[in-house]
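**Q** Taking this note's numbering, the leading residue of the sequence shown gets 437, the next gets one more, and so forth.
Ideal Cβ positions, reconstructed from N, Cα and C, are used throughout, including at glycine.
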Amino acid sequence: IINRRLEAVVSILLVGPDGRRVAIDAVIETGFTGFLTVNSSTAAELEFPVRGQMRAMLADGSETVLDVCTVTAAIVGPPRKFDAQIVESSPLVGMKLLHGTRVSMHVVEGVSRFVPIWKNRQIRTDTTHCLLADSTRVR
437 IINRRLEAVV SILLVGPDGR RVAIDAVIET GFTGFLTVNS STAAELEFPV
487 RGQMRAMLAD GSETVLDVCT VTAAIVGPPR KFDAQIVESS PLVGMKLLHG
537 TRVSMHVVEG VSRFVPIWKN RQIRTDTTHC LLADSTRVR
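#1: Pick out whichever of Thr506, Leu450, Gly513 and Gly467 has its Cα sitting closest to the Cα of Leu494.
#2: Going by other Cβ atoms of all chains shown within 10 Å of its Cβ, with 16 needed for buried, is Ala520 buried or exposed?
#3: In the DSSP assignment, the alpha helix (DSSP H) including Glu481 goes from what residue to what residue?
#4: Please return the same chain residues whose Cβ sits closer than 8 Å to the Cβ of Val523, not counting the five positions on each side in sequence.
#5: With Val458 and Phe484 assumed to form a contact (beta carbons below 8 Å), what rounded beta-carbon distance in angstroms separates them?
#6: Which of the three DSSP states, helix, strand or coil, is assigned to Leu533?
#7: Can you tell which of Thr478, Pro453 and Lys532 has its C-alpha closest to the C-alpha of Ser526?
#8: By the three-class DSSP mapping on this structure, what secondary structure does Gly470 have?
#9: Please state the DSSP three-state secondary structure of Ser540.
#10: Taking the alpha carbon of Pro515 as the reference point, which residue from Ile438, Arg456 and Arg441 has its own alpha carbon closest?
#11: Assuming Ile511 and Val446 make a contact with CB atoms under 8 Å, what is their CB distance in whole Å?
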């Protein structure tokens, strides 16, 4: 969906090590080259194991050190594991998570849709939600 701040938002299913599931909404951030950021409260709730730290440059140009955890998440298709940075802000989807996909947005005043396009697959959408029908990626 496109939110009121005109940000493209996707729903992501996070799966904890014990199988608990939480759906989150994350903003697509083309300036973020990682996979995903996860809010610290969600990371704690799902008990994602912290496996280290990394330096990160923020949008304002400042640098910080963030904890890194291994998450299991599904945005399209079955859940898969990858690294995520733990943050105190809203979750972000980075370009590594979207790599290999084509994303298109149709933003019209009063009617906004986020429409990912997957090669040779149907996508069902309405003005507030997007259901991805298949995990086929554009090559």
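**A** Let's see:
#1: Here residue 494 refers to the residue found at position 58 of the sequence shown. Taking only the C-alpha atoms, the option nearest Leu494 is Gly467.
#2: Here residue 520 refers to the residue found at position 84 when the sequence shown is read from its first residue. Taking a 10 Å sphere around the C-beta of Ala520, we find 16 or more other C-beta atoms and assign the residue as buried.
#3: On the sequence shown, residue 481 is found 45 positions in, with the first residue counted as 1. Looking at the DSSP string, the run of the alpha helix (DSSP H) that includes Glu481 is Ser476 to Leu482.
#4: Taking the sequence shown and counting its residues from 1, the one referred to as residue 523 is at position 87. So the qualifying residues of the chain are Thr473, Val474, Asn475, Ser476 and Leu502.
#5: The residue given as residue 458 occupies position 22 in the sequence shown. The residue given as residue 484 occupies position 48 in the sequence shown. Contact doesn't hold; Cβ gap of about 11 Å is too wide.
#6: Start at 1 with the first residue of the sequence shown, and residue 533 comes out as number 97. Leu533 falls in the helix class under three-state DSSP.
#7: The residue you call residue 526 lines up with position 90 of the sequence shown. When only C-alpha atoms are compared, the closest one is Thr478.
#8: Numbered from its first residue, the sequence shown carries residue 470 at position 34. Note: Gly470 maps to coil in three-state DSSP.
#9: For the purposes of this step, residue 540 is identified with residue 104 of the sequence shown, where counting begins at 1. Ser540 falls in the strand class under three-state DSSP.
#10: Working through the sequence shown from its first residue, we reach residue 515 at position 79. Considering only alpha carbons, the answer is Arg456.
#11: Indexing the sequence shown from 1 puts residue 511 at position 75. Indexing the sequence shown from 1 puts residue 446 at position 10. About 6 Å; that satisfies the 8 Å criterion.
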